[in-house]
Amino acid sequence: MPLIGLGTWEADPGVVGSAVQASLDAGCRHLDCAAAYRNEHEVGEALAASGVPREEIFITSKLWNDRRRPADVEAALDKTLSRLGTDYLDLYLIHWPVVWAKDSVMKPDAQASLRETWQTLEKLVDAGKIKHIGVSNYNEAEIKELLSYARIRPAVNQIELHPRLPQTQLVEYCQGHGICVTAYSPLGRGGKTKAGLLTNPTVARVAAVHGVSPASVLLRWNLQRGVVVIPKSVTPARIRQNLEEPWSFRLSEQELAAMATIDDGARFCSPPWSTFADRTRSDDIVTSCLTRLASGIFAVASLDITK
Ligand code: A2P
755 MPLIGLGTWE
765 ADPGVVGSAV
775 QASLDAGCRH
785 LDCAAAYRNE
795 HEVGEALAAS
805 GVPREEIFIT
815 SKLWNDRRRP
825 ADVEAALDKT
835 LSRLGTDYLD
845 LYLIHWPVVW
855 AKDSVMKPDA
865 QASLRETWQT
875 LEKLVDAGKI
885 KHIGVSNYNE
895 AEIKELLSYA
905 RIRPAVNQIE
915 LHPRLPQTQL
925 VEYCQGHGIC
935 VTAYSPLGRG
945 GKTKAGLLTN
955 PTVARVAAVH
965 GVSPASVLLR
975 WNLQRGVVVI
985 PKSVTPARIR
995 QNLEEPWSFR
1005 LSEQELAAMA
1015 TIDDGARFCS
1025 PPWSTFADRT
1035 RSDDIVTSCL
1045 TRLASGIFAV
1055 ASLDITK
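Convert by adding 754 to the 1-based position in the sequence shown; the result is the number in our numbering.
Below, the structure is given as structure tokens:
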């Protein structure tokens, strides 16, 4: 898996295709996708138009939370394959460690389980439709449980990682068990949040010393601890910079120590169904209320059934 990929989360339809094209033109050979991003068909169109041979590109996608029963897992994979215009994925991840009823949001499905989902994914590896399987947003206990029954071990855990949320213990646990870690939102979601990392004074100071952009410092910070990064951008100049500049310098021990002080545990992606180890009691109350609502009153159309 190439160490730097292109993230496509929140890359809007209409622009994600040209971002994929710009990225491939710049030499990127790793695309991170998901059914829930609702833009896989456009990624697929750009891949087809690019003329880059399929086998040169590492493509990841993710199985959404309401597709857990065996037939639904395979149907969801088939849809993703057809949207991306390929007959196999390099990596398929369980997007979140939750089990929802089909076509619902947060309605539990007592007839399905993550174990059965994993066993279905293993069969799809055997069938040649997926090269590697993995997970996303898993905590240490969830990985441990998965390892207790996995015939094919998870290749990857994709989690939110940046200097405000280093999650060092989880990263070391995964790496210690041969599971590659991929960082989503490695730029702290860029300019999307006011408290983003691109304007952090420590990051800016380190960037100035090396004559690089703050984004490159943030990417290098993850790369230097063996973590794969998938920065999202739809801007060609940034796409090129994110691919090239992080390789042009090295962070010193002192710089890493200075960046360690940025850690304040801030998460930019924390939906109510998350199972993160740092959840608070009020998070749990919200989740419990929403789960009851989802079970009793409404079922919201699933994200996975879109084009
Ligand atoms: P855009 O897509 O408009 O280029 P993350 O990967 O942490 O979620 O961050 C994504 C955000 O960071 C997007 O808003 C993206 O903007 C922005 N971004 C990506 N690369 C860079 C860069 N090199 N410099 C500044 N902002 C960037």
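We put the beta carbon where it would ideally sit given N, CA and C, even for glycine.
Using a Cβ-Cβ distance cut-off of 8 Å, the region 947-966 and the region 977-987 are not in contact, since fewer than three pairs of beta carbons, one from each stretch, lie closer than that value.
Distance from the C-beta of L845 to the nearest heavy atom of ligand 1 is not below 7 Å. When beta bridges are read from the DSSP output, F812 appears opposite H784. For N793, the shortest separation between its Cβ and any heavy atom of ligand 1 does not lie below 7 Å. L878 sits close to L831, with the two beta carbons spaced by under 8 Å. Scanning the region 860-940 from its first residue to its last, the whole beta strand (DSSP E) runs of 3-plus residues come out as 884-890, 910-914 and 934-938. When DSSP states are grouped into helix, strand and coil, V806 belongs to the coil group.
Between the region 838-858 and the region 885-895, the count of C-beta pairs closer than 8 Å reaches three or more; the two stretches touch. Three or more Cβ pairs closer than 8 Å define a contact, and the region 765-774 meets that threshold against the region 792-800. Judged by the Cβ position, P756 fails to qualify as a neighbour of ligand 1 at the 7 Å threshold, every heavy atom of the ligand being at least this far. CA-CA distance, W872 to V859, rounds to 20 Å. DSSP, read as helix, strand or coil, puts Y791 in helix.
In terms of CA proximity to H795, S815 leads the group C782, A909 and S815. At least 8 Å separates the beta-carbon of A1031 from that of L919. Contact annotation: G950 and R943 have beta-carbon atoms nearer than 8 Å. The region 1022-1041 and the region 993-1008 do not touch, with fewer than three beta-carbon pairs separated by less than 8 Å.
Residue side-chain check: K986 places its Cβ nearer than 7 Å to a non-hydrogen atom of ligand 1. By the Cβ rule, the region 760-770 counts as touching the region 988-1001, because three or more pairs are nearer than 8 Å.
Judged by their CB atoms, A866 and R822 are nearer to each other than the 8 Å cut-off. Beta-carbon to beta-carbon, A780 and L845 are separated by about 21 Å, too far to satisfy the 8 Å threshold.
When the alpha-carbon of I1016 is set against those of E809, Q921 and E810, the nearest one is in Q921. Under the DSSP definition of a beta bridge, I848 partners with L817 and V889. Here K986 carries a strand assignment [DSSP, helix/strand/coil].
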